[in-house]
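K.L.:
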Amino acid sequence: MQSVNAKPGFTSLFNGKDLTGWVGDPDLWKVEDSILVGRTTKNLSYNDFLRIEKEYANFAFTCETRLQGYNSGIQFRSLVQEDGHMAGLSSRYW
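Just so we're aligned: the sequence shown equals residues 0 to 93 in numbering that gives the first Met the number 0.
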């Protein structure tokens, strides 16, 4: 996800500088050249997610993605489960 200037009335979720406002494993998630990057060099033995700290009631979500060989997805209105899984609506697997 690349930082963009939010239009009036909209809030950008990503500041383009760091992971402020996000929760995730800093060994897997970083900001490189103003782009939000998730990277692993091995298959993880657990599920890992990057999620926004704040909840939003109404939103329009847009992003561009690039995947290289791993399972990924975007979930909306998900609930964090203690066993490391997420539950909620999602757009089909990529």
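Every residue, glycine too, gets a C-beta built ideally from N, C-alpha and C.
Treat the numbers as computed from the prediction; the structure is a model and nothing was measured.
(1) Please name the residue, chosen from Asp17, Lys41 and Ser77, that lies closest to alanine 56 on a Cα-to-Cα basis.
(2) Quick check on DSSP: helix, strand or coil for arginine 38?
(3) On the three-state DSSP scale, how would you describe glutamine 74?
(4) How big is the Cα-Cα spacing for tyrosine 92 and glycine 8?
(5) For arginine 50, write down the residues that DSSP places opposite it in a beta bridge.
P.N.:
Result, derived from the coordinates:
(1) Here the closest residue by C-alpha is Ser77.
(2) Here arginine 38 carries a coil assignment [DSSP, helix/strand/coil].
(3) Here DSSP, grouped into helix, strand and coil, assigns glutamine 74 to strand.
(4) Only weak support exists for where tyrosine 92 lies, its pLDDT of 49 falling under 50; the value from the coordinates is given anyway. About 31 angstroms.
(5) Arginine 50 is bridged to Val22.
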